[in-house]
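Contents: one structure, followed by commentary.
Protein chains: 2
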Amino acid sequence: MAVKMKYKKLFIPGPVEVKAPVLKAMSHYMIGHRSQDFMNLYADTIPKLKQLLYTNQNVYLSTSSSTGIWELGARNLVEKKALCCVMGEFSSKWAETVKLCGKENEVISAEPGKAVKAEQIRAKLEQGGFDALTLVHNETSTGAMADLESIAAVMKDFPDVTFMVDAVSSLSGVKIEMDRLGIDLLFAGVQKAFGIPPGLTVFAVSNKALEKSKRIPNRGYYFDLQVFQKYAEKNQTPSTPSISHIFALNAQMDAFLKEGLDKRFKRHTDMAEFTRKWALKKGFGLFAEEGYRSITLTAVDNSANLVNVAKLNEELGKRKMHISDGYGQFKQKTFRIAHMGDLNLKDMKELTGTIDELMAKGVCK
Amino acid sequence: MAVKMKYKKLFIPGPVEVKAPVLKAMSHYMIGHRSQDFMNLYADTIPKLKQLLYTNQNVYLSTSSSTGIWELGARNLVEKKALCCVMGEFSSKWAETVKLCGKENEVISAEPGKAVKAEQIRAKLEQGGFDALTLVHNETSTGAMADLESIAAVMKDFPDVTFMVDAVSSLSGVKIEMDRLGIDLLFAGVQKAFGIPPGLTVFAVSNKALEKSKRIPNRGYYFDLQVFQKYAEKNQTPSTPSISHIFALNAQMDAFLKEGLDKRFKRHTDMAEFTRKWALKKGFGLFAEEGYRSITLTAVDNSANLVNVAKLNEELGKRKMHISDGYGQFKQKTFRIAHMGDLNLKDMKELTGTIDELMAKGVCK
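First to last, the sequence lines map onto chains D and F.
Each step along the first sequence adds one to the number in numbering that gives the first Met the number 0, with nothing skipped, and position 212 is 211.
Each step along the second sequence adds one to the number in numbering that gives the first Met the number 0, with nothing skipped, and position 191 is 190.
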């Protein structure tokens, strides 16, 4: 390759560090996407995803970024008006996408670092006129995580409002029981907690939502739910998918089940607790409000300017590690440490230990 | 992996056989998609693609199947009505996609195996009311290839009709000079003549088309040209792309330029001529009409039932090779041999030699 680059272990909210066996699966030789081999691969992968999503309903694979599924939700499942919960940059972009698809919406927002609350949602839905809700479970721009349990409880009182959850950076790091919670659309890009290179999105749709989409016009083709369903019945995808990613996903699903889902979720909680404790001990704050702090990413509050974030990342780079600057306007006010995918406590200790050293030496001030 | 499969060399029209160095590039470690490393990779890849497409205009990368770019064309570049040239299954699906995106269209068609001709297009465009044309250059369902030169000459008389060309299965196997031909939208999935696993689409847009798209509403987000352009200016993609594919594409572009573009095109022509001659010598016909036969795929006419196509493919499979049955209704009437990507004359001789043997033994009758 003509471009030179140096390896860094990624502690950013996607793409994340990818394990060697997963990278190896990405380099599997090709098979035809209408072949029996492909259908076997597909048929082996989907039920494992259903286990992970705690669903008996419909799971599909989209060769796209998760952004594409924002659009799928808008085009297939918004008939009258969507209520869009905005608590950071990504949820704000989803709200914008709904409008760009020609659909009506209204926004309820939380201050950066705070989560949209169940009772806010209830109050708005009670005004009537909505037939869909968009919620980003885990806002990686601020490190805030919405409380799915309480929101799901509210949504049960509004069965005609399609409940759409972007769990892009939480799914497989946090237990999300799709069917029990009554979620209608649930999705995640594989480059986050799944620990796979970017390029594929896993999404699940309730039977009710699948039925609803039938009557909604101008769904297009690439993100038409009905087309996904038609091909899924044959264990295929509508168009040529990223087969390399499906090999990698299949390998990861086996690894998840071997690790044990509960253990996987606990490993993520342990990393989050460790990282938060470390940040507070060093005199940093936590940007997200208490009770709504993300399990897959910690936004460290650096308001006191204990470190120069750009310099810190530069020094970490020399030591083959990479974290995220704060998002947008919070570039220096926060820095973000993702702890998702196949990272473990040892990785977090290595990272925080290195930051400790750099701070002690005064090289990132 | 839980699924067992056996390697076969693919002579199907995508996914194609992928060389070891390209598969290796697919397993490159991850980098952040907003990092300087990524921007360097992007900035190194795009100019090489411009060389391949003979364009000084705009080249973008979409993390999607090429089907997504059908939709991009419809949503961004059809304002009044599209004239859709239909000469097989894929061009028919593009016409359908235009309608599914809520846009008006009219269809002109050619019989299976025939190509839509320049004068047919002129006659229809002269009736007026059209602002876009969709053309599939190379119809892999029938092995017919449209004559871009004569169609481009007609299109020059209709400068207000956006000229959209799906070169999904020909680009990089056949020389297509985008700027000289006046093409406004040109695209290809990398799993065909590019010789890369599926999951990424390369597309190029004229400045004129980019300008036109600004005034067209409801473009959505994922396939909005303006969004692609905004990020391209920073050497980035709008959402997290398939970075693995971009590593592979970068490696392939270097390989293309090392081989030499003219040599690459000639290698494809040589394989096509060899395959056609072989078919005729064996007593088969050629399904596509003379003068419009594809350079990247030969649809062999098996009307005389010289072979049982399903059985032939089964026997080839035992010998680690795989060709395509006829498409749809032509499953037994034709079989299709793709000769694209990194295949060469030696591969074609190996394949046809094996078919010779199987026919001589009478095991695929």
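For glycine and all other residues, C-beta sits at the position ideal for the given N, C-alpha and C.
Please read these numbers as outputs of a predicted model, since none were measured by experiment.
With fewer than 16 other CB atoms across the displayed protein chains lying within 10 angstroms of its CB, F/R179 is exposed.
Excluding five sequence positions before and after D/G128, the CB atoms of its chain that fall closer than 8 angstroms to its own CB belong to K79, K80, given in chain order.
In summary, F/K211 is buried, with 16 or more beta-carbon neighbours lying within 10 Å of its beta-carbon over all protein chains present. Taking the C-beta atoms as reference points, D/S26 is found nearer than 9 angstroms to F/M25. Taking 9 angstroms as the cut-off, the Cβ atoms of D/M86 and D/T141 count as close. Where D/H321 is concerned, the enclosing beta strand (DSSP E) starts and stops at 320-324.
Distances from the CA of F/Q331 to each of F/D130, F/G172, F/C363 were compared; the closest alpha carbon is that of F/C363.
Here the alpha carbon of F/K191 sits roughly 33 angstroms from the alpha carbon of F/R214. The C-beta separation of F/G198 from D/T62 comes to about 6 angstroms, placing the pair in contact by the 8 angstroms criterion.
Its Cα nearest to that of D/L124, the residue D/T161 stands out among D/E288, D/R263, D/T161, D/L344. A Cβ of chain D is located within less than 9 angstroms of the beta carbon of F/Q190. With a threshold of 9 angstroms between beta carbons, F/A81 makes no contact with chain D. P216, N217, R218, G219, Y220, Y221, F222, D223: these are the residues of the region 212-223 of chain D whose beta carbon lies less than 8 angstroms from some beta carbon of chain F, given in chain order. Within the region 12-44 of chain D, the residues whose Cβ lies closer than 8 angstroms to some Cβ of chain F are G13, P14, V15, E16, V17, L22, K23, A24, M25, S26, H27, Y28, M29, I30, G31, H32, S34, D36, N39, L40, D43, listed in chain order. Pairing F/Y41 with F/H32, the inter-Cα distance amounts to about 10 angstroms. In its chain, beyond the 5 residues on either side, M38, Y41, A42 have a beta carbon closer than 6 angstroms to the beta carbon of D/N234. Interface criterion not met: the Cβ of F/P158 is under 9 angstroms from no Cβ in chain D. F/S241 and D/I242 have their C-alpha atoms spaced approximately 12 angstroms apart. By the Cβ neighbour-count rule, F/D156 is exposed, with fewer than 16 other Cβ atoms within 10 Å of its own. Per DSSP, D/I175 lies in no beta strand (DSSP E) and is assigned neither H nor E. For D/R318, the closest Cβ of chain F is not nearer than 9 angstroms. Checking the DSSP bridge columns, you'll see F/I336 partnered with F/T297. Interface residue (Cβ-Cβ distance to chain D less than 9 angstroms): F/N249 is classified as such. Just measuring C-alpha positions, the residue of F/I150, F/L184, F/G188, F/F193 sitting nearest F/S171 is F/F193. Nearest C-alpha to F/G101 among D/G219, D/T66, D/N57, D/L209: D/G219. Sequence-distant Cβ neighbours of D/V135 in its own chain, meaning closer than 6 angstroms and more than five residues away, are F89, S90, D165. Under a criterion of Cβ atoms nearer than 8 angstroms, no residue of chain F is adjacent to D/T297; the nearest Cβ is some 18 angstroms distant.
In this chain, the beta strand (DSSP E) harbouring F/F10 covers 8-10.
Non-local C-beta neighbours of D/A278 in its own chain, meaning closer than 7 angstroms and more than five positions away in sequence, comprise L285, T297, V299, ordered along the chain. Look at D/D346: its C-beta is not under 9 angstroms from any C-beta on chain F.
Given a length threshold of 3 residues, each whole run of the beta strand (DSSP E) inside the region 98-172 of chain F is given here in chain order: 103-108, 131-135, 161-165.
Taking C-beta separations shorter than 7 angstroms and ignoring five residues to either side along the sequence, the partners of F/T268 in its chain run I294, following chain order.
Taking the beta carbon of D/T96 as reference, the chain F residues within 9 angstroms of it are G219, Y220, Y221, listed in sequence order. Contact annotation: the region 200-207 of chain D touches the region 49-60 of chain D, with at least three C-beta pairs closer than 8 angstroms. The residue from F/L9, F/L51, F/E16, F/V17 with its alpha-carbon nearest to that of F/D253 is F/L51.
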